[in-house]
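Reviewing the structure listed below.
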Amino acid sequence: MMANTEPITQPLGADVKPMDYSEIKMKTQREIYGEQKLESITQPLGADVKPRDNSEYKRKRQREIYGEQMLGFSEIVQQYKLAVKQKYESEWSFVSGKQESFADLFIEPVIIQKNENDVFKNISVSEIFQFCDPVSVILQGNTGSGKSFIAQKIMLDWASERLHWCFDLVFYLRCEELMCISEEMNLIDLLSYSCSLTSDQISKMLQQSPEKVLFIIDGFDELRLTEHIYGMSANTDLLQKAPPEVILCGLIRRYLISESTLLVTTRTKNTVNKLLNGQKRFSEIMGFSASQVDGYFQKFFRTEYDCVKANKSLFTACSIPVICRIISEMFRVGADVTSGLETNTSIYVDFVCTLLEHHCQGLSQSVPTLLRSLGQLAERGMLEQQVLLDEKTVNETVSVPYPFLSKFLIKRMIHQETMFSFMHLSFQEFFTALYCVLLDEEESQRKVRELLHTVERGWALSCWSDKDFSKADVEVRRAKFLQPVILFLCGLCNTEWIHSFFKKHNMTVSINIETQLKEWLNLCSKRYQNEHMLFILHCLYELHEKSFIGNVLQGLNLIDLSNIPLKRTDCWVLKYCLQCCEHIRNLKLHVTSEDLKMLQPELFLCKELWLMVDCISDDVVGLISAAGKGKILNKLNIKKPEIREKVFFPEITVSVRDEDIMLSFGRSVFASSNTKLTLTCPSSVFSTIKWFVELYIYQFGDLRKMELGLFNFLKSMFDLKKVFMQFYECPMPGFASEIQSLIQACPSLTEVRIKISEKSQTFLKPLKESLKQMGWTLTVRGNSVLINPDGKSFTVENLKMKREKSERRKGESSAGSCSLKAELSEQSSSDNADVFTPELLQEDDEEKRKNTYRFVCPHAGQFRCSLTSLVFVMEGEGEVLYKTVSWDPRVLDGLGQIQPAGPLYDIDCFHGSVSQLHCPHCEIFSEENKDGLAVAHFVGGNVEIIQPLKVTETHVVIEIRELSSYGLVWIKSILGIPIRGQVLLFLRNLTLERKQLNVHLLPGNVPVSEVQSRHRDKKYVETSSKCHLIAYQKYSLCCQPEECEVQPLTEMFEFDNFGQNYHPTFEVFLDVNIKEVRLGILDKTKGGKEVWNRRRIFLTAPSKAEEPSEHRRISETEFVNTHGDELIQRVSSVMAIADSLKSKHMITNEMWRKINAAEPQQKMRLLLEALDSGGASVKAEFYKLLKENEPFLVDDLESGHSGSSPHAESKLEA
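So the sequence shown is residues 19 to 1232, counted in the working numbering.
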């Protein structure tokens, strides 16, 4: 904090008339034309007067006047820069109250900035404004990270002209000071209030070059905003008066001085991001690196530094700038900082003890009374979001002198007012927590309970849609503001280090507070996985109780900390927490290589590990080796972002199954020339992995050299079993000979698969002949190539063909070919998906009434399930298993009005090739409900609310990184909102004389197959089922003939019917001889209006066709899988079968056209590809059609009498 302000040179409200742009223009014109008139009068009478070029003279005079004005402005700016340097070149000491040189104190922290491709890079303060166009920079950082120090640094560098920034003027607006202004004012007066310039000077300079003005808005979180700020009018009048927070938001939203550049510092970016218009840059302060901490203490406290370095926890904590400053202040007074400082709370307690000992002797209050008074003052400021406190409030609470407070002056209309603040905001947070534990038992528990409720409610509201965010934002920001208080509360419950402090001053902490905090943390850890999970880990670290931490983490399936790079302190906290448990199931991190070195020993405890790292270091290679040696770690994914024009993501994936290790090395996403390698081999080969990683990752320039290195690496692996290679461009000359050489060098090799575009397959024909002489076969299907020994059986199921969606689409942009993943992410319409019918599985007797769906995806693309309407966006081949599971209402407790909006699907894909999921919804779009949907992601007992990438009229689209349980949820009230519903009918006989018709009112996105599976003892009566229903509204069933008995007479439609039972809404009891009824659904709240019009229902009509029995379907599927090669050679009725499949919507029109246009030998290949995509049901239908069209061929194949070799090779076209 600065302890005083610049002397007032222009009192607020002085009689200064700001000059607008029109006045300057008119004044300039008067000067120009006035001089012209005077000159014409003084011309000699009769002189040869030439016509004057008025426009040229006008331009010349304007340049002269502008130059004179700029010369005057330059002098004013130089005076302003001098005032800035005098104001900010020194900083006040926490302890001594003396001024110290800012240049000596300032150590530049690590700052990262996100580029357009969402890749982070390190930047310096001087690089924050390296752009030409007006831009808004958000500088984010936690409390104590040094945001204000950097803002002060920028002011000093500009005033000292050390950096070549193109800003003529820089204004520093500290929000905490501006919040002390009670009256309304315009922007010009607000700027004058914050600097030494007058309103008139500011007005004139702003109009000259607004594009060369920088506004620094420091401490955005201190603005007391309401939800109405999002609806503020776009006022562009610089002279319009308004409250300071409205003026600042006008700057941020680019309503005022839109050409200027902005720097906004904030603890959380959500609110300011939603307010900002125009181009944005996101930067974050990561704190000090280890070398920066070392340099700081070596500079000032070389002797004392040894004790800091010896305590690794303390050394890591010093990466937070404010902690580093606190420790240095303690050194100044000779305090003992040798031991006992592990957590942040312990550091603050030690510092408070030091100040009480050295500077608070002879106080009129006892220490407990003083601490309660300071805590009361701090809590009042925290609850009211006030950093600056008026003198009257302070005097009423704390006695003179004022320990832990800074004093300074604030301008008023005709006087200055004394204001106070805590020496740093973090001390206000600390004393608020201390106040909570020093109260009596009941009051203390009440305050902690309210605090925890406020924070968790803010977390729940943070997932609201953009439309509703304005209402929730106040509580979301409030929760963020109060989070550090919970951290300090956790730390104060740690009696190991805090006990002596409380015992010395006869104070205690209630055991019930600790219990409250532990219960809350245990519950929240199961609900939140992303940014809130990191906060929870910090709370666990402050508690520092190993057994409790171990119990909390042991119950988690996933810890996902991958959204932003972790800070050094985050990694230290994670390291400690991992040490407290035996293993972690799934961990996702974004870390630097330096911090990875710190974490590496604990990462071996993870079963599955996902890493985003800045470079492939020895520590990464060590993790790869560990995954292959049978330790706990058995699945590893590593990505390295590259900051280039085209972003590369070098990727390494390791997975262990039984004794085999599968490694995948690749570069993907935006690279136009990609090579991907996957291989399977025993763990003994891992000693050679390091060389290959370095070669493959770093030699981007010479792809041919890289391919040669790749084959040399493969040949060195004597126990190699399988290799899969994928090329996005034509391989190098000599590729065929390298394949032969590889087969000869690896006698254990059983399979080589290559994916390569069809236009690059010219080398395959001679390779096939060479391989035949070696006893190997080569089979080509589309862009997939299989090479295996002659004796190895080959089926369609073994080789799942791949193809890229972009090759099948006309009119795709050339940019889309850069990567399949980029293409798939742009597909927004679920209607474009290929339709497939999944195979239905029954896992065991207990699950006999539940469907498990199986889809074998043959290639990348977008696929829609014909039974559930789920759409899977696939990056490659893979087997997808999915089923519905029950919602657990307890998991959603505490998340406000969130409720299920669709079935909960448990999804699994071992290959991890699902990149997006389109969940079908039943909502009818309107302005009231279009932003009401989200997706709940469940992993174990944890739940994450995922905001959609897009919501179409039929589906909610999300991006996924791992598979578990996903279900649609409503994140706002569903009351009164119409949905697409359905009416399903099931009939069963009760006795020889009576039968029962069950009528189900269900949401439209409940799969009919799911309801059928729960009612297999009844006959499904198929009818037109669509209707519109309103949640929790009452309906009745109208039934004729009247002698039929209906129960109940009215029933409420419950929208949350996505369970496992699907009980009927209405039951109709009728005579067994009744063959036909007329049914209708009436809305009782709208005077009996029909929502499902009356229709004839024939009770003797056949029900929807039953699916084939499971053993029958498996038999038919195996027939297609086993005889794939024979079918390619011998089926002659391909088009007749394709026509039938198309009419049944089992293959797409696009695939039918492709088959129709293909050469005769290729037709059956393409049809087999469609069968693989469609699943078991489509294969069963193909078998039926083949038996109808070519019965002798089916009998011949089933009897085992083949007309040609079962391993017949495909013909290769020249």
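Beta carbons: idealized from backbone N, C-alpha and C, even for Gly. It should be emphasised that the depicted structure is a prediction, and the values quoted were computed from it without experimental measurement.
| Query | Result |
| --- | --- |
| From L986, H936, L621 and T970, pick the residue whose C-alpha is nearest to that of T977; which is it? | The residue asked about is misnamed: residue 977 is Glu in this sequence, not Thr. Per the Cα distances, H936. |
| Determine, using beta carbons only, whether I1165 and V1152 come nearer to each other than 8 Å. | no |
| On a CA-only basis, which of K658, L1145, L274 and I1155 is nearest E1216? Give me that one, please. | L1145 |
| So if DSSP puts L858 in a beta bridge, which residue, or which two residues, is it bridged to? | Y871 |
| Which residues mark the beginning and the end of the beta strand (DSSP E) in which V466 is found? | Element bounds for V466: not the beta strand (DSSP E) but the alpha helix (DSSP H), E459 to L479. |
| Using three-state DSSP, classify Q383 as helix, strand or coil. | coil |
| Would you call the CB atoms of L986 and G920 closer than 8 Å? | yes |
| So, helix, strand or coil for V631, using DSSP? | strand |
| Does the segment 471-481 come close enough to the segment 415-425 to have 3 or more Cβ pairs within less than 8 Å? | no |
| Out of S144, L922, K790 and P966, which has the shortest C-alpha to C-alpha gap to Q934? | P966 |
| For Q762 and V570, I'd like the C-alpha separation in whole angstroms. | 53 Å |
| With a 10 Å radius around its C-beta and 16 neighbouring C-beta atoms as the bar for buried, classify Q880 as buried or exposed. | buried |
| Using 8 Å for Cβ pairs, my map puts I303 next to L157. What's the rounded Cβ distance? | 7 Å |
| Could you have a look at D1101 and say whether DSSP puts it in helix, strand or coil? | strand |
| Does the pairing of the segment 223-233 with the segment 177-192 give three or more beta-carbon distances under 8 Å? | yes |
| Quick check: the segment 340-349 against the segment 362-374, are there 3 or more CB pairs under 8 Å? | yes |
| Would V609 and I642 be called neighbours here (beta carbons separated by less than 8 Å)? | no |
| Between G393 and L452, how many whole angstroms is the CB-CB distance? I'm expecting something under 8 Å. | 5 Å |
| Are F854 and G568 closer than 8 Å when you measure CB to CB? | no |
| According to DSSP, is G164 helix, strand or coil? | coil |
| Could you say which of L922, L1204, L981 and N575 lies nearest to V932 if we only look at CA atoms? | L981 |
| Buried or exposed: C875, going by 16 or more other Cβ atoms within 10 Å of its Cβ? | buried |
| So if DSSP puts A952 in a beta bridge, which residue, or which two residues, is it bridged to? | V987 |
| Sort E769, I141 and D949 by Cα distance to K968 and report the nearest one. | D949 |
| Per DSSP, what kind of secondary structure is W590 in: helix, strand or coil? | helix |
| Should H182 go down as buried or exposed, given a rule of 16 or more other Cβ atoms within 10 Å for buried? | exposed |
| With the cut-off set at 8 Å, would you say V1017 and T1083 are in Cβ contact? | yes |
| Could I get the ranges of all uninterrupted alpha helix (DSSP H) runs contained in the segment 987-1039, with 4 residues as the minimum, in chain order? | 1026-1032 |
| Quick check: the Cα distance between S200 and P261, rounded to an integer number of angstroms? | 8 Å |
| Nearest by alpha-carbon distance to F448: which of K1052, R390 and E474 is it? | R390 |
| Buried or exposed for R495, please, with buried defined as at least 16 other CB atoms from any protein chain shown within 10 angstroms of its CB. | buried |
| Can you tell me which residues form a DSSP beta bridge with W794? | P807 |
| Rounded to a whole number of angstroms, what is the C-alpha to C-alpha distance between L858 and S1043? | 24 Å |
| Leaving out five residues on either side along the sequence, give the residues of the same chain with a beta carbon under 6 Å from the beta carbon of S832. | Reliability of the predicted coordinates at S832 is poor, the pLDDT of 36 falling under 50, and the value obtained from them is presented with this limitation in mind. Nothing listed; no residue qualifies. |
| Do T254 and L280 have their C-beta atoms closer together than 8 Å? | no |
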